Amino acid sequence: MINEEPEAHVADAVAGLAAGTRDEQMAATREVLGVMPPASAALGAAMVAFMRSDDLLAEIDAYGPDTLATACQSGCAWCCYVGHAAVSVPEAVAIAQHVAALEEEQAARIQARLEDAAERAQSLSIHERWMLRDPCPFLDLDEARCRVYEVRPVRCRGWNSLDASACEAGFEDRGAGIDVPTNRLRFAVGTSTEEGQQAAFASAGLDARRGRIAEAVLLAMAEPDLSERWAAGEAIFDGICADEEG
Numbered sequence: 142m143i144n145e146e147p148e149a150h151v152a153d154a155v156a157g158l159a160a161g162t163r164d165e166q167m168a169a170t171r172e173v174l175g176v177m178p179p180a181s182a183a184l185g186a187a188m189v190a191f192m193r194s195d196d197l198l199a200e201i202d203a204y205g206p207d208t209l210a211t212a213c214q215s216g217c218a219w220c221c222y223v224g225h226a227a228v229s230v231p232e233a234v235a236i237a238q239h240v241a242a243l244e245e246e247q248a249a250r251i252q253a254r255l256e257d258a259a260e261r262a263q264s265l266s267i268h269e270r271w272m273l274r275d276p277c278p279f280l281d282l283d284e285a286r287c288r289v290y291e292v293r294p295v296r297c298r299g300w301n302s303l304d305a306s307a308c309e310a311g312f313e314d315r316g317a318g319i320d321v322p323t324n325r326l327r328f329a330v331g332t333s334t335e336e337g338q339q340a341a342f343a344s345a346g347l348d349a350r351r352g353r354i355a356e357a358v359l360l361a362m363a364e365p366d367l368s369e370r371w372a373a374g375e376a377i378f379d380g381i382c383a384d385e386e387g
């Protein structure tokens, strides 16, 4: 079992999974971009990443040792207060379409939260938002549940903890540097899926950058032709690029 192997073997397993995931996601994304019409290209790219990452994560959960079982569950949202989540253009489009399909009152509440979060992102640094425990605008604060769970970003899908109490301690004391134990294989799936997508986007001349989540989704909600503009090579995330933040 992975947790009984020497550290070097664990690192090799993580690196191997990361490389394979990245390459396969890049190929799958290129294939989708090659067949989808511009109006559907962004949503198609997002969905293939969501499905592939979910399949890999399910395999890790099914065949991994009990000691690497995630402690994450519905109603546990300590990691949803990082204050600086980021999404790709396709993820922003997928989330915007999901929000548009919600009940009108719920969608309006989410939009108001997005606008508040966007204002903070423009005026506060990543560190300041982290210290303020700025919640994700899609987090239901009463139920501690994600309101866009089905289309949550791939980075969120791979995020995990083996000890919820450590997450809570880190939330309560931001300056303590709490070490949260994680399943590195799950993290590798999230980050490598994202990297594979970015490589495919860049090779196709598309905006491969990640945008600050609130501003990115607001943009996608306000501009229905965003997928077509992105597919035409427009630099969608100018001015809201999370990759340029310090």
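Numbering-wise, my numbering puts 228 at position 87 of the sequence shown, and it's gapless, one number per residue. Idealized CB from N, CA, C, for every residue including glycine. Predicted model, so just to flag it, every value in this text is computed and none were measured.
Margin query: For the alpha helix (DSSP H) containing Y290, name the first residue and the last one.
Written below: Position 149 of the sequence shown, counting from 1, holds the residue named residue 290. From DSSP, Y290 is part of no alpha helix (DSSP H); its letter is neither H nor E.
Notebook entry, point to check: What three-state label does DSSP hand R353 in the structure shown?
Noted result: For the purposes of this step, residue 353 is identified with residue 212 of the sequence shown, where counting begins at 1. The answer is strand: DSSP assigns R353 an E or B state.
Next item on the list: Let me know if A253 comes out buried or exposed under the rule of 16 or more other beta-carbons within 10 Å of its beta-carbon.
Entry: In the sequence shown, residue 253 corresponds to position 112, counting from 1. Exposed, since its Cβ has fewer than 16 Cβ neighbours within 10 Å.
Check: Are the beta-carbon atoms belonging to P294 and E356 less than 8 Å from one another?
Finding: Here residue 294 refers to the residue found at position 153 of the sequence shown. Here residue 356 refers to the residue found at position 215 of the sequence shown. Contact flag unset, no.
Margin query: Taking the straight line between their C-alpha atoms, what separation do you get for C308 and W271?
Written below: Along the sequence shown, read from residue 1 onward, the residue named residue 308 stands at position 167. Along the sequence shown, read from residue 1 onward, the residue named residue 271 stands at position 130. Whole-angstrom Cα-Cα distance: 14 Å.
Notebook entry, point to check: What are the partner residues of V228, as DSSP defines its beta bridges?
Noted result: For the purposes of this step, residue 228 is taken as residue 87 along the sequence shown, with counting starting at 1. Note: V228 sits in a beta bridge opposite G352.
Notebook entry, point to check: In terms of alpha-carbon separation, which member of R286, A199 and A349 lies closest to R327?
Noted result: For the purposes of this step, residue 327 is taken as residue 186 along the sequence shown, with counting starting at 1. Minimum Cα distance to R327 is reached at A199.
Notebook entry, point to check: A210: which of C217, A218, G216 and I201 sits nearest, CA to CA?
Noted result: In the sequence shown, counting from the first residue as 1, residue 210 sits at position 69. Closest option to A210, Cα to Cα, is I201.
Next item on the list: Consider the Cβ of G175: report whether some Cβ of chain D lies at a distance smaller than 8 Å.
Entry: In summary, chain D is missing from the structure at hand, where a single protein chain is found.
Item checked: Inter-stretch contact at 8 Å, needing at least 3 Cβ pairs: the stretch 356 to 370 / the stretch 232 to 242 -> yes
Margin query: Please report the straight-line C-alpha distance between I354 and Y204, rounded to a whole angstrom.
Written below: Position 213 of the sequence shown, counted from the start, is the residue given in the question as residue 354. Position 63 of the sequence shown, counted from the start, is the residue given in the question as residue 204. Rounded to whole angstroms, I354 to Y204 spans 33 Å at the Cα level.
Next item on the list: Could you have a look at D366 and say whether DSSP puts it in helix, strand or coil?
Entry: Counted from its first residue, the sequence shown places residue 366 at position 225. It is coil, neither helix nor strand.
Item checked: First through last residue of the alpha helix (DSSP H) which encompasses R315 -> Locating residue 315 in the sequence shown gives position 174, where the first residue counts as 1. Element bounds for R315: n/a, residue is neither H nor E.
Check: Taking only runs of the alpha helix (DSSP H) that begin and end inside the stretch 173 to 211, which ones reach a length of at least 4 residues, in chain order?
Finding: 179 to 204
Item checked: Residue closest to T170, alpha-carbon to alpha-carbon, out of F342, R250, T208 and E246 -> Along the sequence shown, one-based indexing puts residue 170 at 29. The candidate whose alpha carbon is nearest that of T170 is F342.
Next item on the list: Specify, as a first and last residue, the run of the alpha helix (DSSP H) that I251 falls within.
Entry: Position 110 of the sequence shown, counted from the first residue, corresponds to residue 251. Start and end: E245 to S264.
Margin query: Helix, strand or coil for L282? Go by DSSP, reduced to three states.
Written below: Locating residue 282 in the sequence shown gives position 141, counting from the first residue. Of the three classes helix, strand and coil, the one that applies to L282 here is coil, per DSSP.
Check: In this structure, does DSSP put C382 in helix, strand or coil?
Finding: On the sequence shown, residue 382 is found 241 positions in, with the first residue counted as 1. Three-state DSSP puts C382 in a strand.
Notebook entry, point to check: Is the stretch 333 to 353 touching the stretch 371 to 382, taking contact as three or more C-beta pairs under 8 Å?
Noted result: yes
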